[in-house]
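Residues in the sequence shown are numbered from 14 upward in steps of one, following our numbering.
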Amino acid sequence: MSVSQRDIALELNLSVATVSKSLRNSPEIPPTTRAQVIDTASKLGYRPSPNRQQNMAQKNAANPRSVQVGFLVQSDESADSPNVYSSSMVLAGISEAAQASDASLSVYYVPLADRDRLDDSACQPVAMREGLLSGLILYNYYPSHIVRSLSACLPCVHVLHRTPGLNVDCVELDSEMAIGQLMSHLHQLGHRRIGYLGGWSDQSHAQARFAAYVQSLVRLGLPFDPSISLDLLDTFGADEQPDHVTEKRVIELTQQGVTAWVTTNAHLALQWHTCLTQAGLRVPEDVSLCGIHGQPNALSVPDMTSVDLPYAELGRAAMDLVLRRIKCPTAPVQRVGYQGIFIEGKTVTKPRDI
């Protein structure tokens with residue numbers, strides 16, 4: 014049975030008029046609401062009615078064809094995943110910029126099983142296979158061979174990730190500044206033995222954040238101790254728990270004098286918070302914990318001290334970059350870094366001996 018705008022409205026508890034305007038990218042609707050509608054429409058499999066498609070085709074025939082950009086985001090079956098929050102906010106910014114630039118936007122959720130096969134036309138969105146897209150915005154991690162293949166076909170912009178060796182524009186967090194904010198905050202509170210808990214070490218954002226941690230140690234005059242810098246161990250991913258050996262090691266290091274841990278992201282910090290508290294350690298009374306990327310309060314209990322990203326602004330910048338690349342394919346590659354937003358949170362305090 015086909016999905017109607019009424020079905021989308023019922024799913025989101027919105028009026029049909031709001032859904033209709035959101036699907037037309039109307040500026041009357043707030044960007045976050047438009048993003049929710051577009052997101053839900055895609056997940057439910059909404060398709061415009063034949064009459065509407067015919068009307069749109071006639072309208073497009075009477076006007077010059079607009080630029081159509083595809084937004085590829087990995088689908089995530091977990092409703093609690095931080096990607097659900099961040100991707101919807103990035104989409105809000107992309108949608109707003111598309112509206113302002115008279116560009117069309119197509120959103121595609123890529124199943125994880127298809128992520129590594131996007132160089133196969135059978136796994137690509139229909140609009141891409143049929144040559145209807147003028148450019149792509151990639152969100153989440155994609156293997157280098159996939160980014161190379163996609164960027165050879167279409168102008169691409171990668172959000173929060175970059176692939177060394179490929180001339181692909183990217184919009185990302187300024188990791189040096191973000192990790193630097195967390196490290197400076199801990200240092201000002203009196204922490205001198207600050208450890209690092211990393212993950213996803215094969216990805217550019219994680220590598221940059223670990224490098225920023227080491228740089229911050231040098232800047233603050235603190236020694237680098239490999240035994241409390243666990244970035245080289247791919248500790249655990251978004252849907253996994255730490256193995257008992259790693260968990261025991263972190264607990265022992267905390268008991269031996271590490272007073273604060275900085276993590277690759279706040280989602281990782283939340284999982285480590287569970288591990289530490291289950292071991293009888295109090296956060297922040299016994300050990301402070303912080304990371305990159307804040308999350309909605311419902312997903313961030315306790316309120317995590319972190320550096321959040323201006324996700325909507327990243328989306329707007331990504332759309333501007335891909336439109337620039339479409340117009341000027343030979344322009345110099347751009348890497349745009351954004352300052353994060355420091356969130357005080359409740360998981361950091363002075364060390365016990367201060």
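Here a beta-carbon is modelled for each residue, glycine too, at the ideal position from N, C-alpha and C.
Please go through the stretch 281-357 and give each complete beta strand (DSSP E) segment of 3 or more residues, from N-terminal end onward. 301-305, 318-321, 348-351, 354-356
Does the distance from the C-beta atom of R60 to that of S108 stay below 8 angstroms? Start at 1 with the first residue of the sequence shown, and residue 60 comes out as number 47. Start at 1 with the first residue of the sequence shown, and residue 108 comes out as number 95. Cβ distance not < 8 angstroms, so R60 and S108 don't count as in contact.
May I ask you to list the residues that DSSP assigns as paired with D182? As a working note, residue 182 is residue 169 in the sequence shown. The secondary-structure analysis by DSSP pairs D182 across a beta bridge with V170.
Could you name the residues of the same chain whose beta carbon sits closer than 6 angstroms to that of A221, not counting the 5 residues immediately before and after it, in chain order? As a first step, residue 221 is located in the sequence shown; it is residue number 208 there, counting from the start. In chain order, S188 place their CB closer than 6 angstroms to the CB of A221, counting only its own chain and leaving out the 5 sequence neighbours on each side.
Taking the beta strand (DSSP E) that Q137 belongs to, which residues open and close that run? Translated into positions along the sequence shown, residue 137 becomes position 124. First-last for Q137: undefined, no H or E at that position.
Rounding to the nearest angstrom, what Cα-Cα distance links M317 and M196 in this structure? Walking along the sequence shown from the start, residue 317 turns up at place 304. Walking along the sequence shown from the start, residue 196 turns up at place 183. Each residue's alpha carbon lies about 15 angstroms from the other.
Mind checking who W274 pairs with in its DSSP beta bridge? By 1-based counting over the sequence shown, the position of residue 274 is 261. The partner list for W274 (beta bridge, DSSP) reads G208, L302.
Just verifying my parser: in three-state terms, what is the DSSP assignment at I21? Within the sequence shown, residue 21 is the residue found at index 8, counting from 1. Helix, per DSSP.
Let's test the definition: count the other Cβ atoms within 10 Å of the Cβ of A225 and tell me whether it reaches 16, buried, or not, exposed. For the purposes of this step, residue 225 is taken as the residue at position 212 of the sequence shown. Its Cβ being crowded by 16 or more others within 10 Å, A225 is buried.
Going by DSSP in three states, S214 sits in which element: helix, strand or coil? For the purposes of this step, residue 214 is taken as residue 201 along the sequence shown, with counting starting at 1. In the structure shown, S214 sits in coil (DSSP, three-state: anything other than H, G, I, E or B).
Can you say whether D215 is buried or exposed, counting buried as having 16 or more other CB atoms within 10 angstroms of its CB? For the purposes of this step, residue 215 is identified with residue 202 of the sequence shown, where counting begins at 1. Result: exposed.
Measuring CB atoms only, is the stretch 146-166 touching the stretch 318-336, in the sense that at least three cross pairs come out at less than 8 angstroms? By the C-beta criterion, the stretch 146-166 is judged to be in contact with the stretch 318-336, since at least 3 inter-stretch pairs fall below 8 angstroms.
Whole-angstrom C-beta distance between L266 and G208, which should lie under 8 angstroms: The sequence position of residue 208 within the sequence shown is 195, counting from 1. The sequence position of residue 266 within the sequence shown is 253, counting from 1. The pair is a contact, with the Cβ atoms about 6 angstroms apart (cut-off 8 angstroms).
Residue range of the unbroken beta strand (DSSP E) whose run includes V120: In the sequence shown, the residue the question calls residue 120 occupies position 107. Unbroken beta strand (DSSP E) run through V120: 117-123.
Given V160, which residues of its chain have a CB within under 8 angstroms of its CB, disregarding the five upstream and five downstream residues? Counting from one through the sequence shown, the residue named residue 160 turns up at place 147. Answer for V160: L151, C169, H171, T176, L179, V181, listed in chain order.
For S242, three-class secondary structure by DSSP: To locate residue 242, count along the sequence shown from 1; it is residue 229. Note: S242 maps to strand in three-state DSSP.
Once DSSP output is grouped into helix, strand and coil, what is the label at Q81? In the sequence shown, the residue the question calls residue 81 occupies position 68. If DSSP states are grouped into helix, strand and coil, Q81 belongs with the strands.
Please state whether DSSP places V16 in a helix, a strand or coil. Mapped onto the sequence shown, residue 16 falls at position 3. In the structure shown, V16 sits in coil (DSSP, three-state: anything other than H, G, I, E or B).
Residue range of the beta strand (DSSP E) that I150 falls in? Along the sequence shown, read from residue 1 onward, the residue named residue 150 stands at position 137. Under the DSSP assignment, I150 falls in the beta strand (DSSP E) whose first and last residues are 148-152.
Just to confirm, are I305 and A279 a CB contact at a threshold of 8 angstroms? The count along the sequence shown starts at 1 and reaches residue 305 at position 292. The count along the sequence shown starts at 1 and reaches residue 279 at position 266. Yes, the pair counts as a contact, with Cβ atoms nearer than the cut-off.
Can you list, in chain order, the residues of its chain with a C-beta nearer than 6 angstroms to that of S217? Leave out the 5 residues immediately preceding and following it. Counting from 1 along the sequence shown, the entry for residue 217 is found at position 204. Cβ neighbours of S217 beyond the five flanking positions: H174, R175.
Pull up the distance between the alpha-carbon of V50 and that of V80, whole angstroms please. Position 37 of the sequence shown, counting from 1, holds the residue named residue 50. Position 67 of the sequence shown, counting from 1, holds the residue named residue 80. V50 and V80: Cα-Cα distance of roughly 22 angstroms.
Could you please give me the residues that DSSP links to Q87 through a beta bridge? If you number the sequence shown from 1, residue 87 lands on position 74. Q87 pairs with V123.
Can you give me the Cβ contacts of P342 inside the same chain, cut-off strictly under 7 angstroms, excluding the 5 residues immediately before and after it? Indexing the sequence shown from 1 puts residue 342 at position 329. Cβ neighbours of P342 within its own chain (closer than 7 angstroms, five residues either side excluded): P168.
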